[in-house]
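Trainee:
Chains as they are written, first to last, in the working numbering: chain A, 1 to 116; chain B, 1 to 109.
Given below as C-alpha cells:
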C-alpha cells in the first residue's frame with residue numbers, strides 16, 4: 001500500500017520566491033497534518049485538517065504561510081514570500097480518525113526546504 | 001514552557017548495554033503518551049504507546065508517571081540498529097499530538 005506521498009523531496013530556492021509543497025495522504029485517512037522540523041525547535045504542528053476542513057491553524061507562523069486541502073487526496077502548503085528562516089523539513093502526516101487513541105500518525109518522507 | 005521536554009543526549013552506549021531516558025510534559029490533562037523513533041534524515045514512526053501501568057515491547061520498556069508528569073523509555077540489550085532519535089509524544093486532546101525535540105541514542109560496536 002502507498003504511504004503518504006510528499007513532493008518535492010528537496011527544494012532550494014531564493015528568498016522572496018514562492019514555495020509550494022504537496023501531499024497525498026493515505027487513501028481513506030480523514031485527518032491530515034502539516035509539521036515543520038528544525039534542529040532548534042523540533043517538530044512543530046503547523047495546521048491540521050479533518051475531512052478536508054482546516055481545524056486548527058494556530059501553528060502557522062505568519063501570513064506568508066497558507067495551506068489548502070481541496071479534496072481528500074491532496075493538500076498543499078504554500079510559503080509566499082519565502083525567507084531563509086523557513087528552511088526546514090516539512091512533513092505531512094495522515095491518520096484515520098478512529099486510530100486517534102493509538103497515536104499512530106503516518107508520516108511522509110518530508111520535503112527538505114532550503115531558502116537562500 | 002514547552003509542552004514536551006526531553007534530554008537531547010546524545011546517549012552513546014556499547015552494544016548490549018541498557019540505556020534509559022525520560023521526558024516531561026506540562027499539560028496534566030494529557031490523555032495519551034507515545035514514543036516515536038526517527039532515523040537520520042527519515043520520517044518519524046511510532047515505536048510504542050505508553051500505558052499507565054507500564055508496558056514492554058521486546059527489549060523496550062515504557063513507563064508513565066502521571067503524578068510527576070514524566071515518561072521513560074528503557075532499551076535493554078542495545079543493538080546497533082537501535083541508533084536513532086527517540087521522540088516523546090503527548091496527546092493533550094483528541095486530535096493533536098505534541099512532539100518532544102528528541103533524544104539521540106548511538107549504539108557503538
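We put the beta carbon where it would ideally sit given N, CA and C, even for glycine.
Does the region 31 to 39 of chain B touch the region 7 to 19 of chain B, meaning 3 or more C-beta pairs lie closer than 8 Å?
Mentor: Result no; under three Cβ-Cβ pairs closer than 8 Å.
Trainee: Identify the continuous beta strand (DSSP E) that holds residue 114 of chain A and give its terminal residues.
Mentor: 111 to 115 is the span of the beta strand (DSSP E), which, as asked, contains residue 114 of chain A.
Trainee: Quickly, what does DSSP pair residue 86 of chain B with across the bridge? List them, please.
Mentor: According to DSSP, residue 86 of chain B bridges with B:37, B:103.
Trainee: Which residue marks the beginning of the beta strand (DSSP E) containing residue 75 of chain B, and which one marks its end?
Mentor: From DSSP, the beta strand (DSSP E) with residue 75 of chain B extends over 70 to 75.
Trainee: When the Cα atoms are used, what is the spatial distance from residue 66 of chain A to residue 57 of chain A?
Mentor: Distance between the alpha carbons of residue 66 of chain A and residue 57 of chain A: 9 Å.
Trainee: Report the residue from B:95, B:53, B:29, B:2 whose alpha carbon sits nearest the alpha carbon of residue 31 of chain A.
Mentor: Nearest option by C-alpha distance: B:95.
Trainee: Using the Cα positions of residue 65 of chain B and residue 71 of chain B, report the straight-line distance between them to the nearest angstrom.
Mentor: Distance between the alpha carbons of residue 65 of chain B and residue 71 of chain B: 6 Å.
Trainee: Is residue 100 of chain B close to chain A, meaning its C-beta is less than 8 Å from at least one C-beta of that chain?
Mentor: By this cut-off, residue 100 of chain B is an interface position.
Trainee: Please classify residue 58 of chain B: does DSSP put it in a helix, a strand, or coil?
Mentor: In the structure shown, residue 58 of chain B sits in coil (DSSP, three-state: anything other than H, G, I, E or B).
Trainee: With distance defined between alpha-carbon atoms, name the residue in B:91, B:24, B:54, B:84 nearest to residue 42 of chain B.
Mentor: Of the listed residues, the one whose Cα sits closest to residue 42 of chain B is B:84.
Trainee: Please determine, among B:16, B:3, B:109, the residue with the shortest C-alpha to C-alpha distance to residue 75 of chain B.
Mentor: The shortest Cα separation from residue 75 of chain B among B:16, B:3, B:109 belongs to B:16.
Trainee: Step through the CB atoms of chain A and report whether any lies within less than 8 Å of the CB of residue 97 of chain B.
Mentor: Cβ-Cβ to chain A under 8 Å: yes for residue 97 of chain B.
Trainee: Excluding sequence positions up to five away, which residues of its chain have a Cβ less than 8 Å from the Cβ of residue 13 of chain A?
Mentor: Closer than 8 Å at the Cβ level, and outside the excluded window around residue 13 of chain A, lie 19, 82, 113, 114, 115, 116.
Trainee: Quick check on residue 14 of chain B - is its C-beta less than 8 Å from some C-beta in chain A?
Mentor: No, residue 14 of chain B does not count as interfacial toward chain A.
Trainee: Can you look up residue 27 of chain A in the DSSP assignment and give me helix, strand or coil?
Mentor: In the structure shown, residue 27 of chain A sits in coil (DSSP, three-state: anything other than H, G, I, E or B).
Trainee: Buried or exposed for residue 20 of chain B, please, with buried defined as at least 16 other CB atoms from any protein chain shown within 10 angstroms of its CB.
Mentor: Exposed.
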